[in-house]
Amino acid sequence: MCLQFIKQILVRSFLSAAFTIAVVAQAQSNPDYQIAAQDLLIIDVVGEKDLSGKECRVSSSGTIVFPYLGSVEVKGKTVTEVTALLRELLDKDYLVEPEVMVTVKDYRTREITVMGPVNKPGSVVLPGEQKITIVDAIGRAGGLTKFANKDKIKFTRDGRTETFSFDTLKKTATDPQKVIYLQPGDIIEVAENIF
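The following block contains the structure:
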């Protein structure tokens with residue numbers, strides 16, 4: 056009996072350490088990433104076989120369906136916030152101090168458009184957990200061609216357009232107050248040099 060009790064304590068300690076490592080790993084990737092429709096989440100509740108390894112696709116309305124809880128709103132929340140929310144909801148009526156782990160297995164396709172004299176104009180897929188800038192996106196589009204006007208790079212978001220120079224964008228890429236991180240639907244248009 057005593058040996059079984061010690062075994063349970065050791066297992067719980069190991070699982071708790073694994074949970075801490077998982078949370079730290081998530082925070083190091085991109086703690087600000089907000090879950091979006093069509094993302095695929097994996098949810099584990101430590102020590103609960105029926106609630107572990109559950110794959111939940113975020114619906115177009117921004118919800119997931121999870122056992123016991125039904126529909127849960129997750130769109131716009133970070134992984135950390137969803138973890139805390141599920142822990143709170145499960146603790147409220149079903150489990151005692153559950154340890155919940157949430158990871159994003161698959162991100163919806165998130166794209167921006169880069170047009171004009173770049174080597175590979177068209178759509179650029181935004182990585183799931185990494186923030187990228189206008190300069191990064193131009194690099195992913197193959198870089199500027201010799202016909203590009205480096206002083207006229209138009210950036211459009213939600214119908215509003217601003218014009219930047221490439222050199223200014225490179226300088227502000229390291230300034231957290233001025234850097235622009237891209238969002239799905241953004242458009243970058245590089246003007247052509249007129250000879």
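Note that the numbering used here has the sequence shown beginning at 56, numbered continuously upward. Using N, Cα and C, we set each Cβ at its ideal position, and we do this for glycine too. Computed from a prediction, not measured in an experiment: that's the story for all the values here.
Does any residue of chain C bring its CB to less than 8 Å from the CB of P153? Given the protein chain composition of this structure (a single chain), no chain C is represented.
Please report the residue range of the beta strand (DSSP E) in which L96 lies. On the sequence shown, residue 96 is found 41 positions in, with the first residue counted as 1. L96: member of the beta strand (DSSP E) spanning 95-100, first to last residue.
Please state the DSSP three-state secondary structure of R195. Indexing the sequence shown from 1 puts residue 195 at position 140. Residue state for R195 is assigned as helix, using DSSP reduced to three classes.
Under a three-way DSSP split, which group does R165 fall into? Taking the first residue of the sequence shown as 1, we reach residue 165 at position 110. If DSSP states are grouped into helix, strand and coil, R165 belongs with coil.
To which residues does DSSP link E110 through a beta bridge? Sequence index remark: in the sequence shown, residue 110 carries index 55 (1-based). E110 is bridged by DSSP to I97.
Distance, Cα to Cα, V100 vs T227? If you number the sequence shown from 1, residue 100 lands on position 45. If you number the sequence shown from 1, residue 227 lands on position 172. One C-alpha to the other measures close to 42 Å.
Check this for me: beta carbons of A196 and K175, under 8 Å apart or not? Locating residue 196 in the sequence shown gives position 141, where the first residue counts as 1. Locating residue 175 in the sequence shown gives position 120, where the first residue counts as 1. Yes. Within cutoff.
Is the Cβ-Cβ distance between I98 and V157 less than 8 Å? By one-based count along the sequence shown, residue 98 stands at place 43. By one-based count along the sequence shown, residue 157 stands at place 102. Note that the C-beta distance between I98 and V157 is below 8 Å.
Bridge partners - Y236, DSSP secondary structure assignment: As a working note, residue 236 is residue 181 in the sequence shown. Beta-bridge partners of Y236 (DSSP): T188.
Chain-order list of residues whose beta-carbon lies under 7 Å from that of Q83 (same chain, five-residue window excluded): Position 28 of the sequence shown, counted from the start, is the residue given in the question as residue 83. Low per-residue confidence applies at Q83: pLDDT is 37, beneath 50, and the placement is therefore not dependable, though the value from the model is reported in the following sentence. The beta carbon of Q83 sits closer than 7 Å to none of the beta carbons in its chain outside the five residues before and after it.
How long is the line joining the alpha carbons of E136 and E154, rounded to whole angstroms? In the sequence shown, residue 136 corresponds to position 81, counting from 1. In the sequence shown, residue 154 corresponds to position 99, counting from 1. Looking at the backbone, the Cα of E136 and that of E154 are separated by about 14 Å.
How many Å lie between P239 and T164 at the Cα? To locate residue 239, count along the sequence shown from 1; it is residue 184. To locate residue 164, count along the sequence shown from 1; it is residue 109. If I take the Cα positions, the gap works out to 9 Å.
Tell me which residue opens and which closes the alpha helix (DSSP H) that I221 is part of. Position 166 of the sequence shown, counted from the start, is the residue given in the question as residue 221. Checking the sequence shown, residue 221 turns out to be Phe, not Ile. Start and end: 221-227.
Endpoints, the alpha helix (DSSP H) within which E136 is located: Taking the sequence shown and counting its residues from 1, one reaches residue 136 at position 81. In the DSSP assignment, E136 falls within the alpha helix (DSSP H) that extends over 134-148.
Cβ-based neighbour list, R142, same chain, cut-off 7 Å, excluding 5 preceding and 5 following: For this step, residue 142 is matched to residue 87 along the sequence shown. Within the same chain, R142 has close Cβ partners P153, V155.
Along the chain, where does the beta strand (DSSP E) containing D213 start, and where does it finish? Taking the sequence shown and counting its residues from 1, the one referred to as residue 213 is at position 158. Counting along the chain, D213 sits inside no beta strand (DSSP E), nor does DSSP assign it H or E at all.
Could you check whether P182 and A203 sit closer than 8 Å to each other, using their CB atoms as the reference points? Within the sequence shown, numbered from 1, the residue matching residue 203 stands at position 148. Within the sequence shown, numbered from 1, the residue matching residue 182 stands at position 127. No, these two residues do not count as a Cβ contact at 8 Å.
Output the distance between the C-alpha atoms of T168 and D87, rounded to the nearest integer angstrom. For the purposes of this step, residue 168 is identified with residue 113 of the sequence shown, where counting begins at 1. For the purposes of this step, residue 87 is identified with residue 32 of the sequence shown, where counting begins at 1. Just so you know, the alpha carbons of T168 and D87 end up roughly 23 Å apart.
Just to confirm my understanding: we take S178, look at its own chain, exclude 5 residues before and 5 after, and list those with CB closer than 7 Å. What are they? As a first step, residue 178 is located in the sequence shown; it is residue number 123 there, counting from the start. Cβ neighbours of S178 beyond the five flanking positions: E166, T168.
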